[in-house]
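**Q** Residue numbering for the sequence shown is 10 to 326, as defined by our numbering. For glycine and all other residues, C-beta sits at the position ideal for the given N, C-alpha and C. Small disclaimer: the values here were computed from a predicted structure and weren't measured. Have a look at this one before I ask anything.
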Amino acid sequence: MTSYIPVLAIAACITPAFAAEGWLTDLDTGKKQAAAENKAVLVEFTGSDWCPPCKALRKNVLMTPAFNEYATKNFVLVELDFPNSKPQTPEEKQKNDAWAKQYNIDGFPTILVMDPQGNAYGGFVGGRPDLAAVQQPLDEALQTMKTVKGNLAAAEKLTGDDKILALAKVYQSIPEEYRSSHAALLKQIMDLDKNDISGIVASEKKAAADKALSDKIQQTLAACKTPQEAIAATETFLAQKDLPKEIQLNLLQAKLKALLTASKNDADFNKALAFLDEIAKIDTEHAQDIAKFKETLSKNKDAIIKRNTSQPGTPQQ
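So this is what it looks like as structure tokens:
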């Protein structure tokens, strides 16, 4: 019997750096090309064969002539795919996973605008219906990049405390969700600012401590095998003093989820609803949404209890 290699596999081996026409599939290649062409890099993190919003964004916007005309003037285009069944080399998967981790990607599609050094300045998460809805955040990111680079060049001409404060101002002008990609700038500030006149050193240390605590909480809850274990774990963490509000709210939500999962009778369910009232007192900004959620839960009480009594508890994530 004559053996053969499928055509798709051959294509994957011969042209690993290209996806659809005009799109690269390797970020390092894209950054080098962007540097050579004096452009920004537009990176699409996508699940091409399973993610409906990704497919819709591609069909309705990213693969249209109008987008191509707009984008190619400003960007080198890079698609980083996370497929379920589409052929992908181990090397490509490994690199894409590393980039997703580096840029904290937790939803698809995610579009990032970055410079040739890999510093991100803006973008969006989720689908967009048309070119106008896509172009707005991209134009904003390009303007942010232009402003940051201009201010950074000016700051580099200064010395002493003036330089430290100017660099700090540049760093703080970057949207918070994209600052993690500006590690080189942050290191420069922290190396120069020995007395923390900018306040950034203390701020970054606190952020690192908060992240370490969040990671510990996530790992602890992931190891819980029953709702009761998860409830006990959340209560232990909630007993700590001076918890950041975001971490506190995440713990409250985790405890609520565990209470609902453990609800096997009216008394258990009412306990979960009462705890929801406690959350509303703390998260006053979303009190109305919490009240609506409580109404929805109440209407589905019987179904929730039936589900919990007919199936064993699952670990709390």
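Report yes or no: do three or more beta-carbon pairs, one from the region 79-92 and one from the region 34-54, lie closer than 8 Å?
**A** Between the region 79-92 and the region 34-54, the count of Cβ pairs shorter than 8 Å is three or higher; the stretches touch.
**Q** Within a Cβ cutoff of 8 Å, which residues of the same chain sit near Y13, ignoring the five residues on either side of it in sequence?
**A** Here the model assigns Y13 a pLDDT of 28, short of 50, so the residue's position is not dependable and the matter cannot be decided.
**Q** Per DSSP, what are the beta-bridge partners of E30 in this structure?
**A** Paired residues: none, contrary to the question.
**Q** Let me know the alpha helix (DSSP H) ranges lying completely inside the region 229-305, each 4 residues or longer, listed in chain order.
**A** Here the runs fully enclosed are 236-247, 254-270 and 275-291.
**Q** Leaving aside the five residues before and after N77 along the sequence, list all residues of the same chain whose C-beta is less than 7 Å from its C-beta, in chain order.
**A** G31
**Q** Do G132 and L121 have their C-beta atoms within less than 7 Å of each other?
**A** yes
**Q** Give me the DSSP bridge partner(s) of V134.
**A** Beta-bridge analysis with DSSP links V134 to T119.
**Q** Suppose you measure from the CA of L151 to the CA of Q237; what does that come to, to the nearest Å?
**A** 49 Å
**Q** Look at the alpha carbon of L51 and the alpha carbon of K250, and state the distance between them as a whole number of angstroms.
**A** Approximately 43 Å, taken between the alpha carbons.
**Q** Name, in chain order, the residues that DSSP records as bridge partners for F54.
**A** L89 and T119
**Q** Who are the near neighbours of N93 in its chain, counting only those whose CB is closer than 8 Å to its CB and skipping five residues on each side?
**A** G56, D58 and W59
**Q** Just curious, the alpha helix (DSSP H) that S94 is in, first and last residue?
**A** No alpha helix (DSSP H) holds S94; DSSP gives it neither H nor E.
**Q** With A175 and A163 assumed to form a contact (beta carbons below 8 Å), what rounded beta-carbon distance in angstroms separates them?
**A** 7 Å
**Q** Give the DSSP bridge partners of F84, in chain order.
**A** For F84, which the question treats as bridged, DSSP gives the partners A49.
**Q** Please name the residue or residues paired with A129 in a DSSP beta bridge.
**A** According to DSSP, A129 bridges with M123.
**Q** Determine the direct distance from the alpha carbon of Y79 to that of R188, and round the result to whole angstroms.
**A** 26 Å
**Q** Would you mind reading off the limits of the alpha helix (DSSP H) that contains M154?
**A** L140 to E165
**Q** Buried or exposed for D275, going by 16 or more other Cβ atoms inside 10 Å?
**A** exposed
**Q** Using the C-alpha atoms, what's the distance from I288 back to K254?
**A** Distance between the alpha carbons of K254 and I288: 12 Å.
**Q** Following the continuous alpha helix (DSSP H) through Y344, name the residue where it begins and the one where it ends.
**A** One cannot answer for residue 344 here, as it falls past the ends of the chain, which runs 10 to 326.
**Q** Just the C-alpha distance for N309 and P146, rounded to the nearest angstrom, thanks.
**A** 39 Å
**Q** Please list, in chain order, all residues of the same chain as L268 whose beta carbon is under 8 Å from its beta carbon, the five residues on each side excluded.
**A** P236, I240, D277, K280, A281 and F284
**Q** Using C-beta distances below 7 Å, list every residue in its chain close to A65, excluding the 5 sequence neighbours before and after it, in chain order.
**A** If you ignore the 5 residues before and after A65, its C-beta comes within less than 7 Å of the C-beta of G136, all in its own chain and listed in chain order.
**Q** Along the chain, where does the alpha helix (DSSP H) containing N317 start, and where does it finish?
**A** Membership of N317 in the alpha helix (DSSP H) is indicated by the continuous run K310 to S319.
**Q** Do the region 111-127 and the region 183-199 meet, that is, are 3 or more Cβ pairs less than 8 Å apart?
**A** Touching, per the Cβ criterion.
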